[in-house]
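Before any comments, here is the structure.
Numbering (my numbering), first residue to last: -13 to 517.
Structure below.
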């Protein structure tokens, strides 16, 4: 994407919001991902869920379901579906009907059943559905009529409604799936998406751009933007250069130096928000020596987290000690962190039989993340810290997709990972990242599996009162600290740099970019066109 001075170019640009994103999506089907980059490009512009979160909160609002009823037992959820909701269309498909219960059945049964004709059309896995144990939780899904559907659970689950508001619970078109099956092109459902969301995909050039246009018949009201472009720009310095030159209207995940420059030398606006996130070094407990608890505790003592906060985050993050962020309910501040103490680390390593240290790798991704602005630099700092206690570290850097596939397959010794809250519930950190089910799936990159710990999480999910759940999650934090399958590192503040012509764009603690209610200032656009 380059600047032009022609009237036509300015006219087009005034009609298009360009978002400088940090990477390419894995897929356009959010069921098959746990990545915020993928969700930003798929579930948020293209799809809807039965229920959704009010942006910036965990308040659940109606979406494709207008209302719902929960049985007294807490095991039956009946949803009354919205009528007259049209799907998108493309050059190869035009829908003949609107959204109905068949689409809900298709979207969930595809994930539930291995024998479903669309279960394996794409070589990706249903990370959230499996790691959260939904296959075991959901007993049945019954279509009552075209606009009423019932979920029957095997046990109560206090997080279930919030779970249905998560990105992976997006609703796809059953009719489109049938059309593709007849065309012998079932995999296209995940790369040529058809949804009900505020924007529809018009073109995708991998590693270059994604183009969307407004869904003019969107059930929630026509978006104020006519055109939206994701300019895929993994290099943060290039993202900033494009934003500085006004080629991009919004920059994802600026580095601290970019924030400083933007604040001093430009008219660009800087948005920031404390994030519900964590960055951590995951230790693969399925491999020696990380299956040794004493070694894991030694690594916690060996790493100078405060130095990482200063040198990687430029003091725009806080040190992490628990697997959930401090602003999340049930956070236990009484848990003591492991002090930075290289001498203590060396003694622990010696007691574990590693007086002469050992060799290990740290896997990192090349793409920047809001919870980790510079994984390579973080890895280098950790490398030096571990060298000081006798551990030789090799850093392996992979592009995003390869990184995910390798860590989910357990090919790493350790990996710099991160997580952003999907629903504001502590379970959204504990279960996908630390449960036995998630270890089997691969979203638990430490592969630490303690059945008593997983049972504790299950007990917290089936409780309805907040006080009981809070007590159980505090127990979980204490058990996590003793086992130490990670080295928790940081909770980052989120930042975006925004062209002042962009109106009503916000960032939220749970992350994600939402463009449905964003618009461009015509006055500012005209000024720029005449510069």
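Just so it is clear, CB atoms sit at the ideal spot from N, CA and C, and this is done for glycine as well. Quick caveat: nothing in here was measured; it's all calculated off a predicted structure.
Residue i in three-state terms, based on DSSP
| i | result |
| --- | --- |
| residue 263 | strand |
| residue 454 | helix |
| residue 477 | strand |
| residue 404 | strand |
| residue 37 | strand |
| residue 179 | coil |
| residue 548 | Given that the chain is displayed from residue -13 to residue 517, the structure contains no residue 548 and the question cannot be resolved. |
| residue 62 | strand |
| residue 529 | Here the chain has residues from -13 to 517 only, and residue 529 is not among them. |
| residue 501 | coil |
| residue 344 | coil |
Same chain, Cβ closer than 7 Å to residue i, neighbours up to 5 away in sequence not counted
| i | result |
| --- | --- |
| residue 29 | 16, 153 and 156 |
| residue 469 | 279, 434 and 436 |
| residue 38 | 47, 49 and 151 |
| residue 35 | 49, 50, 150, 151, 155, 156 and 157 |
| residue 301 | 295 |
| residue 330 | 287 |
Spatial distance of residue i from residue j (CA atoms)
| i | j | result |
| --- | --- | --- |
| residue 335 | residue 395 | 27 Å |
| residue 409 | residue 315 | 12 Å |
| residue 136 | residue 179 | 26 Å |
| residue 424 | residue 416 | 10 Å |
| residue 160 | residue 62 | 24 Å |
| residue 351 | residue 71 | 39 Å |
| residue 442 | residue 308 | 17 Å |
| residue 465 | residue 439 | 8 Å |
| residue 126 | residue 87 | 14 Å |
| residue 118 | residue 418 | 6 Å |
| residue 283 | residue 324 | 8 Å |
| residue 231 | residue 253 | 11 Å |
| residue 59 | residue 399 | 44 Å |
| residue 365 | residue 290 | 12 Å |
| residue 176 | residue 108 | 7 Å |
| residue 363 | residue 383 | 11 Å |
Other residues of its chain near residue i: CB distance less than 6 Å, five sequence neighbours each side excluded
| i | result |
| --- | --- |
| residue 393 | 401 and 431 |
| residue 354 | 8, 222 and 239 |
Buried versus exposed, by CB contacts within 10 Å (16 or more), residue i
| i | result |
| --- | --- |
| residue 92 | buried |
| residue 194 | exposed |
| residue 486 | exposed |
| residue 421 | buried |
| residue 168 | exposed |
| residue 130 | exposed |
| residue 467 | buried |
| residue -12 | Only weak support exists for where residue -12 lies, its pLDDT of 41 falling under 50; the value from the coordinates is given anyway. Flag for residue -12 reads exposed. |
Nonlocal neighbours in the same chain, by C-beta distance under 8 Å from residue i, ignoring five residues either side
| i | result |
| --- | --- |
| residue 3 | 211, 213, 214, 215, 235, 236, 488, 501, 504 and 506 |
| residue 449 | 144, 455 and 458 |
Within-9 Å CB hit, residue i to chain D
| i | result |
| --- | --- |
| residue 339 | Annotation note: the requested chain D is absent from the structure, which comprises a single protein chain. |
Unbroken alpha helix (DSSP H) runs of length 4 or more, entirely within the stretch 300 to 342: which are they? Taking only runs of at least 4 residues, the alpha helix (DSSP H) segments lying wholly in the stretch 300 to 342 are 328 to 337.
Can you list, in chain order, the stretches of the alpha helix (DSSP H) that have 4 or more residues and sit fully within the stretch 346 to 386? Complete alpha helix (DSSP H) runs here, min 4: 361 to 373.
Every unbroken alpha helix (DSSP H) within the stretch 234 to 280, with a cutoff of 4 residues, ordered by chain: 242 to 251
In chain order, which continuous runs of the alpha helix (DSSP H) of length 4 or greater are located wholly inside the stretch 13 to 57? With a minimum length of 4 residues, the unbroken runs of alpha helix (DSSP H) contained wholly in the stretch 13 to 57 fall at 22 to 27 and 29 to 32.
Which ranges does the alpha helix (DSSP H) cover as unbroken runs of at least 4 residues, wholly within the stretch 101 to 159, from first to last along the chain? 113 to 117, 120 to 123 and 146 to 150
Please give me, in chain order, every unbroken run of the beta strand (DSSP E) with length at least 3 that falls completely inside the stretch 68 to 99. The stretch 68 to 99 contains no whole beta strand (DSSP E) run of 3 or more residues.
Jot down the residue ranges of each uninterrupted beta strand (DSSP E) in the stretch 192 to 216, minimum 3 residues, whole runs only, in chain order. Listed in chain order, the beta strand (DSSP E) elements of length 3 or more contained wholly in the stretch 192 to 216 are 195 to 200.
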